[in-house]
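Quick note: the sequence shown uses the UniProt record's numbering, first residue 1, plus one each step. Glycine included, each C-beta is placed from N, C-alpha and C at the ideal position.
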Amino acid sequence: MTRTLRWLLDAEEAVAHATGDTVRILANSDTAALRKLIAQNPVTNAYVQSILDTGRRAGPIGGFARGIFLGIFDTSHRDQLVAACWAGANIVPVTDSPEYGTYFGQALMALDEHFGSIFGPQSAVEGIWELLRYGRQPARDLRNNQPFMTITKQARIPANPNVRQARETDYDAVLPASVAMFTEELGYSPLTDGSNGYRLRVRQLISKGYTMIEPGDHDVTFKADFGIVTDDAIQIQGVWIAPSARGQGRAAPAMAAVVNHALELAPVVCLYVNDYNTAAIRTYQRVGFDTVDRFATVLF
């Protein structure tokens, strides 16, 4: 028996025992049911949809390091998936139910792995965290109320004509802006560990045409990424404006340009933002975003 198979059998047993057989690790045969569940709210579930868009199916493809899907099925219709949860470096529930979130929390406690974050619909994240708060990892930050905002029409205000897709030749200017955004948002540099993973991510976004910038003389004054792209939605991430350009009303026209371009690729543009970032919320509202849901994030 391989190490991976041994891990999977032990994990399945631990999850079943911890949840009274309510939660199980999904198999490849559950892929259609998982897709159907995601499709009930494809915008909110864009992150998980993007995983399947890589060709991934519902079943494990290795140990926990490569991620697994957990699922809860209707007790009356055993082929109907009512809730799911991606579990890997990040935990992302596909449900807004706090009850199902609590079951997933029980399952994740039983798996006893390390995670980088939990994010997704507020009620489900709170249900998961209600259990994981007693686990091995203390939270570094809790962001309990993050407006999830969408826009489906062109921006309400004129777009900044200087905002454009970044080119590969812009990489040296984009990287410092990306690092600054990450550091401001999370409190540490993504380059601290010396890994090339973050640099590669920046290059990949640029090469796909998923980074929008307003160029300056030798740097960029504004940046935003299409962090998640599916057929149904684009989720904007990594929004940053240079400190020297802040407080001048420049963010909204720049975001308008980002939104207008994104809507050429998908019918819905979405993002979520910390509730205490009132300046950003006002900017997004000015562009035309509406709050349609609430997310929450736990950072480890």
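Distance between beta carbons of residue j and residue i, contact taken as under 8 angstroms
| i | j | result |
| --- | --- | --- |
| P93 | I128 | 6 angstroms |
| I38 | Q49 | 5 angstroms |
| N234 | L205 | For clarity, residue 234 is Ile in the given sequence; the question names Asn instead. Contact flag wrong, Cβ pair sits at about 12 angstroms. |
| F226 | V163 | That belief does not hold up - the Cβ atoms of F226 and V163 are roughly 13 angstroms apart, past 8 angstroms. |
| G209 | Q137 | That pair is no contact at about 36 angstroms. |
| Q122 | N145 | 7 angstroms |
| I118 | V298 | 4 angstroms |
| L81 | L34 | 6 angstroms |
| L111 | A14 | 7 angstroms |
| P267 | D232 | 7 angstroms |
| W7 | I51 | Contact doesn't hold; Cβ gap of about 20 angstroms is too wide. |
For residue i, the three-state DSSP class (helix, strand or coil)
| i | result |
| --- | --- |
| N160 | coil |
| V259 | helix |
| L67 | It should be noted that the sequence gives Gly, not Leu, for residue 67. G67 falls in the coil class under three-state DSSP. |
| A224 | strand |
| P243 | helix |
| G169 | One point to set straight first is that residue 169 is Thr, not Gly, in the sequence displayed. DSSP places T169 in helix when its eight states are reduced to three. |
| I236 | strand |
| R143 | strand |
| M1 | coil |
| S123 | helix |
| T150 | strand |
| I118 | strand |
| I61 | coil |
| V43 | coil |
Residue span of the beta strand (DSSP E) that contains residue i, given as start and end
| i | result |
| --- | --- |
| I91 | N90 to V94 |
| A87 | L81 to A87 |
| V269 | V269 to Y272 |
| E214 | T211 to P215 |
| R294 | D290 to L299 |
Residue burial classification, residue i (beta-carbon count within 10 angstroms, cutoff 16)
| i | result |
| --- | --- |
| Y272 | buried |
| N160 | buried |
| L5 | exposed |
| Y188 | exposed |
| P147 | buried |
| I157 | exposed |
| G288 | buried |
| A224 | buried |
| S178 | buried |
| residue 309 | Since the first residue shown for the chain is 1 and the last is 300, residue 309 is missing from the structure and cannot be characterised. |
| H261 | buried |
| G238 | buried |
| R140 | exposed |
| E113 | buried |
| L26 | buried |
| A18 | buried |
| Y47 | buried |
Residue of the options minimising C-alpha distance to residue i
| i | options | result |
| --- | --- | --- |
| R57 | Q40, F73, D30 and F64 | D30 |
| D290 | I213, V269 and P138 | V269 |
| D74 | A107, F119 and R24 | R24 |
| T150 | V15, E12 and L263 | L263 |
| E12 | Q106, G247 and Y134 | Q106 |
| Y100 | D172, L142 and E130 | E130 |
| D172 | L70, P243 and G216 | G216 |
| A252 | I281, D232, D79 and F115 | I281 |
| T22 | A139, S76, L8 and V258 | S76 |
| Q40 | V15, A87, T95 and L52 | T95 |
| F64 | T192, E185, P98 and L9 | L9 |
| N228 | S244, R199, N45 and N28 | The residue you asked about is not Asn; residue 228 is Ile in the sequence shown. Among S244, R199, N45 and N28, the Cα nearest to that of I228 is on N45. |
| G120 | Q285, T283, N274 and R286 | N274 |
| G247 | A110, V258, N260 and T283 | T283 |
| V174 | F300, M1, A296 and I241 | I241 |
| M109 | D293, W86, G116 and R133 | R133 |
| A245 | Y103, E214, V259 and E113 | E214 |
| Y103 | N277, M181 and A84 | A84 |
| R199 | R250, F182 and Y47 | F182 |
| G249 | N277, R286 and P98 | R286 |
| H218 | A16, D170 and E126 | D170 |
Limits of the alpha helix (DSSP H) - the one that residue i falls within
| i | result |
| --- | --- |
| Q137 | No alpha helix (DSSP H) contains Q137, which DSSP labels as neither H nor E. |
| V23 | Taken as a continuous stretch (DSSP letters only), V23 belongs to no alpha helix (DSSP H), being part of the beta strand (DSSP E) at V23 to I25. |
| S207 | G197 to S207 |
| P190 | Element bounds for P190: n/a, residue is neither H nor E. |
| I281 | T278 to V287 |
| T102 | P98 to L111 |
| I38 | T31 to A39 |
Residue i CB to nearest heavy atom of the ligand ATP below 8 angstroms
| i | result |
| --- | --- |
| N28 | As far as ligands go, the structure on display features none, and thus does not contain the ligand ATP. |
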